[in-house]
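Only one structure is covered here, and it is reproduced in the block below.
Numbering (our numbering), first residue to last: 17 to 823.
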């Protein structure tokens, strides 16, 4: 074993294995990542999906939250993403604990994939091995990826960003079928990964990148390369069609169909003062230490990717700008520099522009540019959190850092003198911050600001030392102890910055059953649990998942027993609440209207929702959660003798509100359905709402024969025609049969479903059979086989990406 090979191996281990060190508390000790969306969304979704698969049905529908809601169409559930099957397979072997542990494993895999892809992209640009390693570390362990790691869909989607950019460059250079298939695979997998916002921002960046590369290649080569890029896009869309089609259908039906409300969509705009986070990650505190006081939450504005990579990125841009101002290109040290002497626009300046544009858009409501785009350009108002445009800045800075490292060497004597002055200044900053920390009052804001200044001074001193010890010429290989020390220092800096941002709990606190939960499940019975939305919001974000600390005063011991949405799904307790990112628009409007009603009307609405247990929170007593039976709850399936016809949704909601306020027989024995039809057409009593007809006194008997994730079978016995009312959310794709004959399934009571049934004894079956399943799934499967056949997987790079590229 020669020394050169050993040195390269260590660099690779540090760059690719750093994510495994970051997640060691979860991976090697059997603890669970839990804070926020893992425990409230991803674990419950995927556990319920696995239970559906065990019953032999695809996880298309979730009957246990929100009175029924799409599951696979919820993009972030990512059930069609191949890598997301890993936790499901582990859950099949080891149960809930293995499924939870598998998500930490999956997060580490994606961070490693991100590092590998960024190294591959840097290598394709001709950067040195040191530049490739630093670019990979700066991206994979950046604050953007690490602080958001618990958002497993973002974690998965960001891993594919460098692979998409690498694929675009390869297609522009050599539009071979294998390269086109590889790009299509990267695009499709990113869309399947579960975060549409990240995928869309990546696609826009890829378009800019493709335009830039095509401009460098010359117009003569445009037609073939543009056709190859279009073919790759088409292949990616076909691969992801099984996710994109149901998600598009759900978006049209959701509360975001007309865009995000500005008060909600712009709340996570990048706070300008958080630009200091580029220099020190804890300037405004850290929730891991319980002292965060900056605007909004910590992770949305987490952008730290290391002070050394940041300064190297600035050095790369300064070097290129200076060469243009002087009128002569610098000496070529990388393939990128060689290309600059022949092909015009600079890669360094392109990525600097991407950084500036990304941060300009990330400012959101603080940026006139973004507000103009929000008001006038489609898609900008579809997503929450403009600060996530900072992903562009993270990618650009990581590549610029690699470019700066590729031409990093010892400065001239004049530069050495300037560096020594900088070292003295860094020492003064650190010393002053430490002294003030001892003398100043221990106020949280002053403590965090001084801590950030001290860390900045220390890291600036480290940068100066490395620059003074740098070799006289840029390194071509990685056999220098200096290069090894640089990568180790950057890795330790980023690991320290990200340590604690993904807290863990003992596995048993999430996966073991609680006696309290079992008791609540028994009380709920065949009905539903309901937590008023205002109390849900306070319980979630003021008692447990606070932004200033990961460790609330009363601890986490009663988290699972609180039955916060969607922990009810984890506990298999049916709930009228839903914490999915997308919910049906009428469901959101129903809850908003419920909150505006007087108490008596609220109780009648709860009865119609099938709520048997009302959950309340005593915020004065350490957020104590109590459960109260609702004796007047109606069954989820019941027969009614009369329906009032209304033309549309607003009329139905108005009629619902008016009838609930009046009460009486018109409320108890009748429903409102949306249809322009007549009584003759539906073979059941149906009159216009304006007729004010009194419902008959006839009765009917409903028996539930079978329930399954995708439907149910009922036995209905009545002496006259009527309606089977189901307190389940109406959604496209649900169908009904009466005695195996197709029957209408209408919107009832604004949100629910109703089936007209003739007199006698009948068997009524309802099932979720969306039009896109399984045809679109077959299309995606065929696209996957086509990409594999074209070499999209077999020809993906398998060598370590830090192998030296000849210049």
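Don't be surprised by glycine CBs; every beta carbon is placed ideally from N, CA and C.
Check                                                                                                                                          : Outcome
Whole-angstrom distance between residue 155 and residue 613, CA atom to CA atom                                                                : 50 angstroms
Helix, strand or coil at residue 160 according to DSSP, with G and I counted as helix                                                          : helix
Inter-residue CB distance, residue 725 and residue 71 (contact presumed, cutoff 8 angstroms)                                                   : 6 angstroms
Terminal residues of the alpha helix (DSSP H) in which residue 231 lies                                                                        : 212-233
Closest residue to residue 67 among 37, 115, 202 (Cα-Cα distance)                                                                              : 115
Simplified DSSP state of residue 475, which is helix, strand or coil                                                                           : helix
Sufficient close CB pairs (3 or more, under 8 angstroms) joining the stretch 515-523 to the stretch 159-168                                    : yes
C-alpha distance - residue 733 paired with residue 777, whole-angstrom precision                                                               : 4 angstroms
Start-to-end residues for the beta strand (DSSP E) that takes in residue 738                                                                   : 738-742
Reference residue 312; option with closest CA among 296, 283, 271, 738                                                                         : 283
Beta-carbon proximity of residue 333 to residue 437, cut-off 8 angstroms                                                                       : no
For residue 321: DSSP bridge partner residues                                                                                                  : According to DSSP, which records beta bridges pairwise, residue 321 is partnered with nothing at all.
Runs of alpha helix (DSSP H) lying entirely within the stretch 118-202, each at least 4 residues, in chain order                               : 145-156, 159-163, 168-175, 177-189
Buried or exposed by the 16-neighbour rule on C-beta atoms within 10 Å, applied to residue 616                                                 : exposed
Residue burial classification, residue 648 (beta-carbon count within 10 angstroms, cutoff 16)                                                  : exposed
Closest Cα partner of residue 676 within the set 183, 185, 610, 242                                                                            : 610
Limits of the unbroken alpha helix (DSSP H) element including residue 638                                                                      : No alpha helix (DSSP H) contains residue 638, which DSSP labels as neither H nor E.
Residue 670, enclosing alpha helix (DSSP H) - first and last residue                                                                           : 665-678
contact_flag[the stretch 734-744, the stretch 697-713] where n(CB pairs < 8 angstroms) is 3 or more                                            : yes
Contacts around residue 327, its chain only, beta-carbon distance under 7 angstroms, and the 5 residues preceding and following it disregarded : 479
Residue 573, buried or exposed, once every other Cβ within 10 Å from all chains shown has been counted against 16                              : exposed
Residue of 240, 528, 803, 601 minimising C-alpha distance to residue 745                                                                       : 601
Residue 690 - partner residues in DSSP beta bridges                                                                                            : 662
Nearest neighbour of residue 93, chosen from 106, 171, 121, 32 [CA to CA]                                                                      : 171
Environment of residue 91 [buried if 16+ CB atoms lie within 10 Å]                                                                             : buried
Within 8 angstroms, strictly: CB atoms of residue 85 and residue 95                                                                            : no
Beta-carbon proximity of residue 35 to residue 108, cut-off 8 angstroms                                                                        : no
Three-state class that DSSP yields for residue 355 in the structure shown                                                                      : Confidence is the limiting factor: at residue 355 the pLDDT is only 42, short of 50, which leaves the residue's position unreliable, though a coordinate-based value still follows. Reduced to three states, the DSSP call for residue 355 is helix.
Own chain, CB closer than 7 angstroms to residue 527, minus 5 neighbours either side, in chain order                                           : 112, 113, 116
Three-way DSSP call (helix, strand, coil) for residue 461 in this model                                                                        : helix
Residue 552: CB within 7 angstroms of a non-hydrogen atom of the ligand ATP                                                                    : Of ligands this structure carries none, so the ligand ATP is not represented either.
Start and end residues, alpha helix (DSSP H) containing residue 266                                                                            : 238-269
Local conformation of residue 570 per DSSP, three classes                                                                                      : coil
Three-state secondary structure (DSSP) of residue 82                                                                                           : coil
For residue 254 and residue 201, the rounded distance between their alpha carbons                                                              : 10 angstroms
At least three beta-carbon pairs within less than 8 angstroms, the stretch 581-601 to the stretch 529-540                                      : yes
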